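S.K.: Positions 2 to 761 (the working numbering) are the ones given, in order, by the sequence shown. The beta carbon of each residue, even a glycine, is placed where N, CA and C say it ideally should be. Nothing here was measured: the structure is a model prediction, and the numbers come from that model.
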Amino acid sequence: MSAVDQMRQMLDQLMGTGRDGDLSSQKVKFSDPRVCKSFLLACCPHDLLASTRMDLGECPKVHDVALKADYERASTEKDYYYDIDAMEHLQSFIEDCDKRTEQAKKRLAETQEELSAEVAAKANRVHDLAAQIGKKLARAEQLGEEGQVEESMKLMEEVEETRKEKAAAEQDYRAAMPASTYQQQKLRVCEVCSAYLGIHDNDRRLADHFGGKLHIGFIRIREKLDELRKTVEARREERRKAWEREKELKGREQDADRARDDRRREDRGRDYDRDRDRDRDRDRDRDRDRDRDRDRDRDRDRDRDRDRDRDRDRDRRSHSRHSNSHRSSEPRSRSRSRSQYARKSINCTIMGKISCGPVVDVLGDEMTRVIWDLIKEKLILPFLDVELHTYDLGIENRNKTEDRVTVDCAYAIRKYNVGIKCATITPDEKRVEEFKLKKMWKSPNGTIRNILGGTVFREAIICQNIPRLVTPWLKPIIIGRHAHADQYKAVDFVVPSEGGKVELVYTSPSGTVEKHLVHEYDDGGGVALGMFNTDSSIRDFAHSSFKFALERGYPLYMSTKNTILKKYDGRFKDIFEEIYEKEYKAQFEAKNLWYEHRLIDDMVAYALKSEGGFVWACKNYDGDVQSDTVAQGYGSLGMMTSVLVCPDGKTVEAEAAHGTVTRHYRVHQKGQETSTNPIASIFAWTRGLAHRARLDDNQALADFCKKLEVTCIETIEAGFMTKDLAICIKGMNHVLRGDYLNTFEFMDKLMENLKKKLND
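1) Which residue from 354, 628, 644 puts its Cα closest to that of residue 637?
2) With a 10 Å radius around its C-beta and 16 neighbouring C-beta atoms as the bar for buried, classify residue 555 as buried or exposed.
3) Does DSSP put residue 472 in a helix, in a strand, or in coil?
4) How would you call residue 760, buried or exposed, if buried means at least 16 neighbouring beta carbons within 10 angstroms?
5) Could you tell me the alpha carbon to alpha carbon distance between residue 442 and residue 613, rounded to whole angstroms?
6) Below 7 Å, is the gap between the Cβ of residue 671 and the nearest heavy atom of the ligand GTP?
7) Looking only at its chain, what residues have a beta carbon closer than 6 Å to the beta carbon of residue 666, apart from the 5 residues adjacent to it on each side?
8) Where in the stretch 448 to 513 do unbroken runs of the beta strand (DSSP E), each at least 3 residues long, occur, reported from the N-terminal end onward?
9) Quick check on residue 450: buried or exposed, where buried means 16 or more other Cβ atoms within 10 Å of its Cβ?
10) Starting from residue 742, trace the alpha helix (DSSP H) both ways and give me its first and last residue.
11) Under three-state DSSP, which class holds residue 526?
12) Kindly provide the ranges of any beta strand (DSSP E) runs that are 3 or more residues long and lie completely inside the stretch 566 to 614, ordered along the chain.
13) Strictly by DSSP, which residues pair up with residue 617?
14) So, with DSSP's three-state summary, where would you put residue 386?
15) What number of angstroms, rounded off, separates the C-alpha of residue 734 from the C-alpha of residue 254?
16) Below 8 Å on the Cβ atoms is my guess for residue 557 versus residue 546; work out the distance and round it to an integer in Å.
17) Helix, strand or coil, according to DSSP, for residue 658 in the structure here?
18) Considering only their Cβ atoms, is the gap separating residue 484 from residue 250 smaller than 8 Å?
19) On a CA-only basis, which of 691, 724, 228 is nearest residue 702? Give me that one, please.
20) Can residue 689 and residue 360 be called in contact, C-beta distance under 8 Å?
21) Residue 539 and residue 589: beta carbons closer than 8 Å?
22) Have a look at residue 398 and residue 405 and give me their C-alpha separation to the nearest angstrom.
23) Any idea what DSSP makes of residue 391, helix, strand or coil?
24) Would you mind reading off the limits of the alpha helix (DSSP H) that contains residue 95?
25) Does the separation of the CB atoms of residue 482 and residue 625 fall below 8 Å?
26) Can you pull the DSSP bridge partners for residue 422?
27) Apart from the five residues on each side of it in sequence, which residues of its chain come closer than 6 Å, Cβ to Cβ, to residue 40?
28) Report the rounded CA-to-CA distance for residue 678 versus residue 446, giving the unit in angstroms.
29) Please report the straight-line C-alpha distance between residue 150 and residue 156, rounded to a whole angstrom.
30) Would DSSP call residue 520 helix, strand or coil?
31) Please identify the residue among 599, 607, 685 whose C-alpha is closest to the C-alpha of residue 640.
32) Using 8 Å as the threshold, is the C-beta distance between residue 750 and residue 716 below it?
33) Nearest CA to the CA of residue 463: which residue from 707, 34, 635?
34) If residue 642 and residue 658 are in contact, beta carbons under 8 Å, what's the gap, nearest whole angstrom?
35) Shortest alpha-carbon distance to residue 726 belongs to which of 719, 737, 741?
36) Within 10 angstroms of the Cβ of residue 478, are there 16 or more other Cβ atoms? Answer buried if so, exposed if not.
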């Protein structure tokens, strides 16, 4: 290394990467997953054990003294919790070392002559004194090199005393052993670094061992691990005490909240009664005015008819008295309808509606179907003049049309570019029996996604007063689900009890046949599954994921299980890596973003302890599961948006991320009260209509969608919510009836607030 390079490294170590004031040139930050967190804490085993017999080679992660300086400076203002990562790293390393130590002890026990308890105790005494001599000699030499001569001399005196003790112990050991056996070397394993030590090793050999880089490195690793454990435990204890304090404070706040909520409920009840009485009086006055107008019109018509009859009689008498007079004109016809004189209509003012282009309205099942109708009745159709193309994907109609309606619906969405879908039933054995289905129809979501292709992006709807179950999540975790094939377009079947053989057969266009044995069922039947995916679909998935991450300004993670499915999942990994390197790497690095592939189990663990703020690209099934997990972690599954973005960039299908809420529907069928969260279904409408607005350049429609979403969030933050959200805030056992609204009350409140928002 040149003198210039050495000077640059010294400045980086002292001042960090931003020492020249140019932060734009920094390509990697210390927070990047590629940077070794153990190195930042000065405890990476790859450094501590370098040039020893246990040299681990170069660390696969980045070691940069400049980044270490950046971290040390930044860690004074914010806790990055890297001590947890480092502790897990060192703990895994030490566990492997301790395992090797136990294996070495086992080998020694098998190969060396077993000693009696008395002789073994004397041998151990010799080993312990030899270890003390070696440690003190190594320490004395270190102090001498550092110029601390007096301390070094004191240790050397202690070494002499320990040597005398060791000589006496060796004499006792020799006396207890036969001469032939005593000459044999008795080995033991160092508990710190797993090295072998002999009972006859001289002082120089012991000093070299205990003062050597290998032993010292393991000591530093173990001491650092103990330090990190204490730090993590202290932090946990601090969090526990903080949680107890917060719980106690919340208990007092809850009492105050209950009193305030009681007052608010009473006020709300009084307001409701007052509004109801005012509406009743207004309706009564309107009916009275209508009756009065009707009576007045009736009296006016009667008076007009009477006047006409009187005039006709007068004309008739006049004709009889004046027979020589000229012939009078014909009287006016009495056949004229009274309706000609009736009042035409009552004047009324109708608010103008916002025009909206074509939208495919996809009907669903159970409680979400009830909510779907309420949303259109109260929040959509009163304000929008929308061209709806409705397809009934309720389970009965799918069964009636043999699922043809689902295919027709998918092609309609492709034609009109916007689909807004209600939650639907995917039948299992119980549903087949319940609805007397012709067969167990496939998932309508899977059918639509397989026809349209694309990626489903799911993102939490965050309200400030809804606590998160996963407290570290400060930013959104956006799940990108590859909504094509895999299990959702697989062929599965039950293998008969007689057993047999299941094979995968590939036939090329030229007729070449390639067979792969899946399993031979020798001991009875079982089940089998064959699934697939395509390169073109995976490439579309990769492009939409990279583009979405760049648009949102978040790093992208892709998760698979390629260690098990080396060909299947490995294909996903390879295609993503290829597209990233060729087309997106420069764009990501320009924004200080990154792309990384991780195993699905490792990714789940990372997501739970992260603060969020990334896009997570998942395969079809993984995305189905993890999107629900993430939604619940942010507070409620009813607070999750779900949008399918197709490869053409024009077609979108929006839907609620949850199911049909069967349990609530059973209660609703009995005529009992429910409190079902409609927010995800409402956001399905707003996200779908917002895309329609972008396609048509319809600013009025876009503003309406934004105001409806803001209305939903502000209503919840004002304390008006459904039961699931009240439980998130107060806990299952502390929610009172006055803490939440039922399904219909909440929808009425949203409609009321939306009208106010639109009139602002």
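M.R.: Taking the structure as given:
1) 628
2) buried
3) coil
4) Result: exposed.
5) 37 Å
6) The ligand GTP is not part of the structure shown, which contains no ligands of any sort.
7) For residue 666, where only same-chain residues beyond five positions count, the Cβ hits under 6 Å are 367, 368.
8) 456 to 461, 478 to 483, 492 to 496, 501 to 508
9) buried
10) Run containing residue 742: none; DSSP gives neither H nor E here.
11) Looking at residue 526 - three-state DSSP - the assignment turns out to be coil, as it is neither helix nor strand.
12) 596 to 600
13) DSSP lists 480, 558 as partners of residue 617.
14) strand
15) Straight-line measurement puts the Cα of residue 254 at about 16 Å from the Cα of residue 734.
16) 6 Å
17) The answer is coil: DSSP assigns residue 658 none of H, G, I, E or B.
18) no
19) Sorting 691, 724, 228 by C-alpha distance to the C-alpha of residue 702 places 691 at the top.
20) yes
21) In this structure, residue 589 does not lie closer than 8 Å to residue 539 by Cβ.
22) 9 Å
23) Strand.
24) 83 to 112
25) yes
26) Residue pairing for residue 422: DSSP places it in a beta bridge opposite 363, 656.
27) 64
28) Their backbone Cα atoms lie some 21 Å apart in a straight line.
29) 10 Å
30) DSSP, reduced to helix, strand and coil, places residue 520 within a strand of the structure shown.
31) 685
32) yes
33) In terms of Cα proximity to residue 463, the closest of 707, 34, 635 is 635.
34) 7 Å
35) Nearest option by C-alpha distance: 741.
36) By the neighbour-count rule (16 or more Cβ atoms within 10 Å), residue 478 is buried.
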